[in-house]
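Residue numbers (this note's numbering), protein chains in the order written: chain F, 576 to 813; chain Z, 56 to 294; chain W, 12 to 385.
Ideal Cβ placement from N, Cα and C applies to all residues, glycine included.
As the structure is a prediction and not an experimental result, all values here were calculated from the model.
Everything below concerns the one structure shown next.
See below:
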């Protein structure tokens, strides 16, 4: 275990700097830990997104039904979003203690704003004449929602999920300060011991995870919305 | 189950009373570790970081957007930037800072905050300037405006709302994330939280106080910038 | 008034609609009978409630008072969605589902009715052909099609489950005039094949006159001012309002309702190339023209100028003189309004009627057109 404060007698500053940052041996020794933290990070993220989505869907449904609630909901959502994550944890601790629940409550509240906004925006984006046509064809409201409105709102909804997921993956690292952490645990560990390897590992892994999640949602969108692929290139003659 | 709720409520009450006690103590406010001092340093680092981020992001974005260059890169920057957690950023810069003798506290936090603040400013500014209708620009050139004039009188006014929005988002994010600076030793409002967490149960009131003030500060800044933005927005639509 | 022998497809009894918060009713105590197999147009200025009335037929809007009978049954006899599955609906913006292929769009109602896959596919292919679209469009998505194509898909979708009634709300307003005329022709053609009861809302009086068997003219507030055939409306407008809505060119519009076929043509100054110039001179005097048309074996060859005839020596046959091609022609199926245009722009003020097989039928003058209006 090298200390950062040891002066390296040989090599250029760049080389020794690079050396002292990533001690590859450490990675080899901690593969189990890495795996465990990966799972933890994924679980924390997944819970936050799923719960956040369910709550946001309900709020969005309310906001669509009773238009006047959209304003207040957005205001509360953006309030929650603006409060720094550490502060939110701080305020929750006396009520829910240190642990999973506190972390999840805070993580979920960060997703509300973006998800509600995107779900409502997606539903609003359905052209009114499409809704009218669906009614006129004889669609009942439930089936119309399922077969017409939701598919058309899907791109916006997935875009929201994408942003929310990437945000949450980043925020999960902060939960390390109150006992969970996922990859944040490595970062925290490295900070407290002045050891840069776990910091770098934690950072890189969390970025990789975020990028993978982003790509996964991008692919999901392409898969679920085949009608968006062919743009109006085939402008035929009438 | 019931006794636990009572237990919890009891705990909340006692913490609440501790908070009130803390807030009524003079020392909490004044002094080098007081709320006023730490708020000041919190705002100071946010200001410095915002200023630096703006100095880097705005001219670059304006210049690139005016030339209509590198559109893909600008989108990619935002996406990647969003993926890097701010906590990690601070943690990463910390050892580098130590290595090169910049010490703890201010510089690692500041560099990380600058890196955090650049993407929203850059993306919004780029989008704003590049989004100016090509027809308008062509017309402006047609009546004999020089490139600088086109920029000043056509592109920037139209882009202003978006630029202000980007700056606002950046500043709020910077103020919020400055809290984490406490982890690497910067004395700011986050320090109440970090030191409180380290002390466990006895530090809970401190944690709450820190949390409340940071939250209030972030919301206040957001509200102020919001009204500023909408007021300038109104002016700019009077073209 | 509709003939009592026709059965009534849609009957509106004192139907009124006042929207919540509105000062005045959108539709006021409207009585209307729409006979089966007819195209009925609802026209009027904006605010006359024509679209509201249309939407009350398929219950997209519910009447505030009064009742509507559809095919002999009161509207409320079945749930709204069931009623709508039996009524076709076409709107200006079409409203195709962008996330579904044309095939699925057209098959919407059959799918809702529970037809099986094979039946739906067959019907969809039939319809696409019927509305004049290429089978290749079936697997495309609505954003890939042009405006005219989308309109046609809209009609196909409305007809998919073979509903007896078709409602159309300004279906051609969003398309450019050239395409519009073609689509209108196609509708008439379609109607001759399928014979639906069609209710058409339009703000274009010419479209109504062209397409509808009967037209209802509505005033602001949904008040019915006149309901009659196009011919009767134009001939006997019931009030100054109707007259001004129909516009000043009522005579010309009535001309649009008739074709050359409806006029008895005259032979006119037509001779064969084997006739002599002396005959030509007397014919020209009879008809007061400065030319003769040359028709051989029922084929219009052209015309010969009076000057050439005067310059020729006695005994010359017309066939020996220079013959110019006869430009102003009309066909038997040409609407009279178009024929008028041809006549006016010709130097001779006469048009020759030539049918599809190139046979000369006769000639037509402005006087004869005017007589056709009697």
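Kindly indicate which three-state DSSP category residue i falls into: helix, strand or coil?
i, result
"residue 78 (chain W)", "strand"
"residue 180 (chain W)", "strand"
"residue 165 (chain Z)", "helix"
"residue 318 (chain W)", "helix"
"residue 72 (chain W)", "coil"
"residue 784 (chain F)", "helix"
"residue 121 (chain Z)", "helix"
"residue 24 (chain W)", "strand"
"residue 669 (chain F)", "helix"
"residue 598 (chain F)", "coil"
"residue 340 (chain W)", "strand"
"residue 293 (chain Z)", "For residue 293 (chain Z), the pLDDT reaches just 35, beneath the cut-off of 50, and the residue's location in the model is therefore unreliable, leaving the point undetermined."
"residue 35 (chain W)", "coil"
"residue 99 (chain W)", "strand"
"residue 192 (chain W)", "helix"
"residue 371 (chain W)", "strand"
"residue 95 (chain Z)", "helix"
"residue 53 (chain W)", "strand"
"residue 362 (chain W)", "strand"
Might you give, ordered along the chain, the residues of its own chain that have their beta carbon closer than 8 Å to the beta carbon of residue i, omitting 5 neighbours on each side?
i, result
"residue 63 (chain W)", "28, 37, 38, 72, 233"
"residue 140 (chain W)", "146"
"residue 230 (chain W)", "55, 56, 59, 236, 252"
"residue 686 (chain F)", "623, 624, 627, 628, 631, 739, 742, 743"
"residue 116 (chain W)", "107, 108, 153, 164, 168"
"residue 122 (chain W)", "115, 131"
State the CB to CB distance for the pair residue i and residue j, rounded to an integer number of angstroms; the pair is presumed to be in contact (CB under 8 Å).
i, j, result
"residue 153 (chain Z)", "residue 170 (chain Z)", "Their Cβ separation, rounded to whole angstroms, is 17 Å, which puts residue 153 (chain Z) and residue 170 (chain Z) out of contact at 8 Å."
"residue 248 (chain W)", "residue 374 (chain W)", "Their Cβ separation, rounded to whole angstroms, is 33 Å, which puts residue 248 (chain W) and residue 374 (chain W) out of contact at 8 Å."
"residue 725 (chain F)", "residue 628 (chain F)", "Not really, about 13 Å apart at Cβ, beyond 8 Å."
"residue 96 (chain Z)", "residue 242 (chain Z)", "5 Å"
"residue 129 (chain Z)", "residue 61 (chain Z)", "Not a contact, Cβ separation roughly 56 Å."
"residue 222 (chain W)", "residue 52 (chain W)", "7 Å"
"residue 236 (chain W)", "residue 253 (chain W)", "5 Å"
"residue 79 (chain W)", "residue 26 (chain W)", "6 Å"
"residue 526 (chain F)", "residue 638 (chain F)", "As shown, chain F starts at 576 and ends at 813. That puts residue 526 (chain F) outside it, with no answer to give."
"residue 174 (chain Z)", "residue 136 (chain Z)", "4 Å"
"residue 314 (chain W)", "residue 299 (chain W)", "Not quite, the Cβ-Cβ distance comes to about 15 Å (not below 8 Å), so this is no contact."
"residue 754 (chain F)", "residue 673 (chain F)", "5 Å"
"residue 328 (chain W)", "residue 284 (chain W)", "7 Å"
"residue 68 (chain W)", "residue 178 (chain W)", "6 Å"
Note down, in chain order, each residue of its chain lying with its Cβ closer than 6 Å to the Cβ of residue i, except the 5 sequence neighbours on either side.
i, result
"residue 688 (chain F)", "652, 653, 656"
"residue 97 (chain W)", "174"
"residue 261 (chain Z)", "247, 251"
"residue 144 (chain W)", "163"
"residue 190 (chain W)", "159"
"residue 301 (chain W)", "317"
"residue 785 (chain F)", "741, 744"
"residue 764 (chain F)", "773"
Is any heavy atom of the ligand NAD found at a distance shorter than 7 Å from the C-beta of residue i?
i, result
"residue 123 (chain Z)", "No copy of the ligand NAD occurs in the structure displayed, which carries no ligand at all."
For residue i, which residues in the same chain have their Cβ closer than 7 Å to its Cβ, ignoring the five residues on either side in sequence?
i, result
"residue 589 (chain F)", "Confidence at residue 589 (chain F) is low in this model, with a pLDDT of 44, below 50, so the placement of that residue should be treated as unreliable; the coordinate-derived value is given next. There are no such residues."
"residue 644 (chain F)", "637, 638"
"residue 568 (chain F)", "Residue 568 (chain F) cannot be examined here, being either before or after the span of chain F that is shown, 576 to 813."
"residue 766 (chain F)", "774"
"residue 184 (chain W)", "103"
Original post:
For the 8 Å Cβ check, are there 3 or more pairs between the region 651-669 of chain F and the region 241-252 of chain Z?
Top reply: yes
Subject >> Minimum length 4: unbroken alpha helix (DSSP H) runs contained in the region 212-253 of chain W >> reply: 216-222, 241-246
Original post:
Would you say the region 107-117 of chain Z touches the region 172-192 of chain Z, given that touching needs at least three Cβ pairs under 8 Å?
Top reply: yes
Subject >> Stretch-stretch touch, CB-based, cutoff 8 Å, three pairs: the region 204-215 of chain W with the region 122-129 of chain W >> reply: no
**OP:** Report yes or no: do the region 785-792 of chain F and the region 163-182 of chain Z share at least 3 C-beta pairs separated by less than 8 Å?
**Re:** no
Original post:
Is there contact here, the region 285-296 of chain W with the region 316-330 of chain W, by at least three beta-carbon pairs under 8 Å?
Top reply: yes
Subject >> Inter-stretch contact (C-beta, 8 Å, three-pair minimum) for the region 65-80 of chain Z and the region 756-767 of chain F >> reply: no
Subject >> Three or more C-beta pairs below 8 Å linking the region 84-104 of chain W and the region 705-723 of chain F >> reply: yes
Original post:
Using 8 Å as the Cβ pair cut-off and three pairs as the minimum, do the region 325-334 of chain W and the region 253-267 of chain W touch?
Top reply: no
Original post:
Are the region 201-210 of chain Z and the region 219-238 of chain Z in contact at 8 Å, needing three or more beta carbon pairs?
Top reply: no
**OP:** Could you tell me which uninterrupted alpha helix (DSSP H) segments, each at least 4 residues in length, are contained entirely in the region 283-329 of chain W, listed from first to last along the chain?
**Re:** 288-298, 317-322
**OP:** Note down, one range per segment and in chain order, each alpha helix (DSSP H) of at least 4 residues found wholly within the region 600-684 of chain F.
**Re:** 606-640, 645-657, 660-671
**OP:** Within the region 165-237 of chain Z, note down every full alpha helix (DSSP H) run reaching 4 residues or more, in order along the chain.
**Re:** 189-197, 211-233
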